[in-house]
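A.B. asks: Below is the structure I would like to discuss, written out as structure tokens.
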Amino acid sequence: MRKEAKKQTEQDKQRQAKEDSQWHDPDPTAAKKAQKKLEEEEKKEQLLKNKLEKQQLLEQEEKEIQAAKIKKSTQTGKKAKQYDAAEAQKKALLKSMQKMMGGMSVEEEKKTTDVNDIEEIKNDIEEVKQEPIEMIKQQPSKQQMNADNSDDDDDQKDKHPEKRMKAAFQKFEEERLKELREDYPTLKMQQLKEKVWKEWKKSPLNPMNQQ
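With UniProt numbering applied, the sequence shown corresponds to residues 1 to 211, in that order.
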């Protein structure tokens, strides 16, 4: 009986050892491998996350650049329109001034005998070309005009400065020509008009001198 019991005990031990060996990890480096694999996966996930964040930042930056370009383009367009309006007003005013002076052209200027007078007339015309631009620059913005309703009458007048200046000049020219004919009876009409024009530029009756 004892031998059989001892034998049975040995068999139980062997069976238990076999079962334990089945549950035992045959590869002692398996845990390290699993840990390394996990770390690699986490590293890949972090790289992917960083890549996505970088892509989002680039897209946001691109949107801001495009918005800035659109804003700049809009501002440039407004400035171009303002410049075109100023150029159109300048041409209209210059044309009116030339009519006021009797339609004198460059060829007619060359017929004058005084070289200094020719140069002065050319300078006068150049100044007239620049004066409308200064008038446009000094005009208030739409917001400023809307903010002050008391200036409505003045705004209406400033819409057609060339008409206002033409009327003022014609009156001034008519009065001064009569006086100059008496003072300079030997001068031709064109020469008298040139003198009137020079006086008009400095006259306080000139709307351009009332800015």
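Backbone N, C-alpha and C fix where the C-beta goes; we use that ideal spot for every residue, glycine too. For clarity, every value in this text was computed on a predicted model and none was experimentally measured.
Do the CB positions of Leu192 and Ala168 come within less than 9 Å of each other?
C.D. replies: By 1-based counting over the sequence shown, the position of residue 192 is 192. By 1-based counting over the sequence shown, the position of residue 168 is 168. Not closer than 9 Å, so no.
A.B. asks: For Leu58, count the other beta carbons within 10 Å of its own beta carbon; 16 or more makes it buried, fewer makes it exposed. Which is it?
C.D. replies: Sequence index remark: in the sequence shown, residue 58 carries index 58 (1-based). Leu58 should be labelled exposed.
A.B. asks: Using the Cβ count rule (16 or more neighbours within 10 Å means buried), how would you classify Pro161?
C.D. replies: As a first step, residue 161 is located in the sequence shown; it is residue number 161 there, counting from the start. Label assigned to Pro161: buried.
A.B. asks: Just how far apart, CA to CA, sit Glu108 and Lys91?
C.D. replies: Along the sequence shown, read from residue 1 onward, the residue named residue 108 stands at position 108. Along the sequence shown, read from residue 1 onward, the residue named residue 91 stands at position 91. With a pLDDT of only 45 at Glu108, under the threshold of 50, the placement of this residue in the model should not be trusted, and no figure is reported.
A.B. asks: Indicate whether Met97 and Met165 have their beta-carbon atoms separated by less than 9 Å.
C.D. replies: Against the sequence shown, residue 97 aligns to sequence position 97. Against the sequence shown, residue 165 aligns to sequence position 165. Going by C-beta atoms, Met97 is nearer than 9 Å to Met165.
A.B. asks: Going by DSSP, what residue range makes up the alpha helix (DSSP H) through Gln191?
C.D. replies: Here residue 191 refers to the residue found at position 191 of the sequence shown. 189-202 is the extent of the alpha helix (DSSP H) around Gln191.
A.B. asks: Under three-state DSSP, which class holds Lys29?
C.D. replies: For the purposes of this step, residue 29 is taken as residue 29 along the sequence shown, with counting starting at 1. According to the sequence displayed, residue 29 carries Thr and not Lys. Coil.
A.B. asks: Can you list, in chain order, the residues of its chain whose CB lies under 7 Å from that of Lys111, leaving out five sequence neighbours each side?
C.D. replies: Along the sequence shown, one-based indexing puts residue 111 at 111. Low per-residue confidence applies at Lys111: pLDDT is 45, beneath 50, and the placement is therefore not dependable, though the value from the model is reported in the following sentence. Once the five neighbours on either side are set aside, Lys111 has no close Cβ partner at all.
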